[in-house]
Structures are given as C-alpha cells and as structure tokens.
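Numbering-wise (the numbering used here), the sequence shown opens with residue 50 and increments by one.
Even glycine gets a Cβ: it sits at the ideal position worked out from N, Cα and C.
Please read all numbers here as calculations on a predicted model, not as lab measurements.
Here's the structure, in structure tokens; my notes come after.
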Amino acid sequence: MQRLLNSFFTVILIFPIFISGCKSSNIKQICVKDYCFRSEAVDNEATRERGLMYRDRLCQGQGMLFIFGKSGIYSIWMKNMLFPIDIIWISQDKRIVYLTENAQPCLSDPCPVFTSLIPASYALEVNSGFVKSHRLRIGDTFKF
Numbered sequence: 050m051q052r053l054l055n056s057f058f059t060v061i062l063i064f065p066i067f068i069s070g071c072k073s074s075n076i077k078q079i080c081v082k083d084y085c086f087r088s089e090a091v092d093n094e095a096t097r098e099r100g101l102m103y104r105d106r107l108c109q110g111q112g113m114l115f116i117f118g119k120s121g122i123y124s125i126w127m128k129n130m131l132f133p134i135d136i137i138w139i140s141q142d143k144r145i146v147y148l149t150e151n152a153q154p155c156l157s158d159p160c161p162v163f164t165s166l167i168p169a170s171y172a173l174e175v176n177s178g179f180v181k182s183h184r185l186r187i188g189d190t191f192k193f
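Structure representation (structure tokens):
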C-alpha cells in the first residue's frame with residue numbers, strides 16, 4: 050500500500066511539471082487545410098519579445114501566434130531558443146505570404162534574424178517540419 054501511495058504522489062508531483070511547457074492562458078484554435086491545433090497568442094511587445102525563449106519544447110499540435118496589429122515587415126530571432134521551428138508569415142486576410150522552414154536556435158552572437166519578405170500581420174511559430182508535413186504553400190488560408 051505504501052508503495053502505491055508513493056507512486057501516486059510521484060505522479061501528482063511530476064504531472065504539473067510535465068504539462069507546464071504546454072499550457073497557456075491565451076489560447077486560440079487555428080486551422081489550416083484539414084488540420085486544427087491550439088496556439089498560444091502573443092499580442093503585446095513584451096510577450097512577442099520573449100516568444101518561445103527558454104522553453105525546452107513546443108508541444109506537438111501547438112504553436113505560438115504572434116499578433117502584430119498591423120501589416121508590416123517583421124523579424125524574429127532565435128536568441129535563447131532551444132529547438133528549431135518553422136515560421137509561417139500570415140497576411141491580414143489570413144493567407145500565408147512567406148515561409149521560413151527549420152529556423153535553428155542561435156548558438157552565438159550575433160544571432161541571425163528571420164524576416165518575411167512580404168508584409169505580414171501575423172507570424173506563427175510551429176515545430177520544425179510542420180510546413181513540410183502539412184504541405185503548406187504560399188496562399189494557403191488559415192482560420193482562427
């Protein structure tokens with residue numbers, strides 16, 4: 050019985066740590082083609098600047114949606130990132146305007162920046178390989 054209780058309390062203590070990297074208070078459902086997933090939305094300067102810094106992962110089936118407020122040329126850097134991502138640049142009408150695949154974490158200064166060559170209103174960060182596995186193309190439309 051003691052062993053069972055110890056196992057139970059171990060699970061209770063570890064469970065919040067396991068899910069902590071995968072939950073957020075500002076979640077939006079995003080759909081593209083026939084696939085829907087959850088994305089954390091960041092819509093102010095402080096949260097956009099922090100982005101996915103210091104996180105050890107982006108959970109499968111999740112992303113981070115950067116909401117810029119107006120269309121423009123924006124850049125994203127990989128400072129203090131621990132894993133590669135795809136960046137999907139999205140216009141005001143929610144169409145893909147540019148794709149950055151397999152953006153690698155910055156290992157030394159100065160860090161490279163990744164910039165859409167076409168004005169965008171949103172940038173969606175997803176796990177590296179997402180663009181290829183879902184066959185995303187310029188012009189594909191998102192719903193969120």
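query = By Cβ distance below 6 Å, which residues in the same chain neighbour residue 167 in space, the five residues on each side in sequence not counted?
reply = 146 and 147
inquiry  = Given a cut-off of 8 Å on the beta-carbon distance, is the pair residue 136 and residue 125 in contact?
reply    = yes
query = Buried or exposed: residue 100, going by 16 or more other Cβ atoms within 10 Å of its Cβ?
reply = buried
request  = Measure how close the beta-carbons of residue 130 and residue 113 come, nearest whole angstrom, since I'm counting them as under 8 Å.
outcome  = The pair is not a contact, with the Cβ atoms about 11 Å apart (cut-off 8 Å).
query = For residue 177, which of helix, strand or coil comes out of DSSP?
reply = coil
query = With DSSP run on the structure shown, which of helix, strand or coil describes residue 157?
reply = coil
inquiry  = Using 8 Å for Cβ pairs, my map puts residue 116 next to residue 142. What's the rounded Cβ distance?
reply    = Contact flag wrong, Cβ pair sits at about 14 Å.
query = Which residue comes first and which comes last in the beta strand (DSSP E) that contains residue 87?
reply = 84-91
task = Could you tell me how far apart the beta carbons of residue 79 and residue 191 are, in whole angstroms, since I believe they sit closer than 8 Å?
result = 6 Å
message = Short of 6 Å in beta carbon distance, which residues of its chain neighbour residue 187, apart from the five on each side in sequence? Order them along the chain.
response = 145
Residues near residue 159 in its chain [Cβ-Cβ closer than 8 Å; skip 5 each side] = none
ask   = Is the beta carbon of residue 155 less than 8 Å from the beta carbon of residue 128?
value = yes
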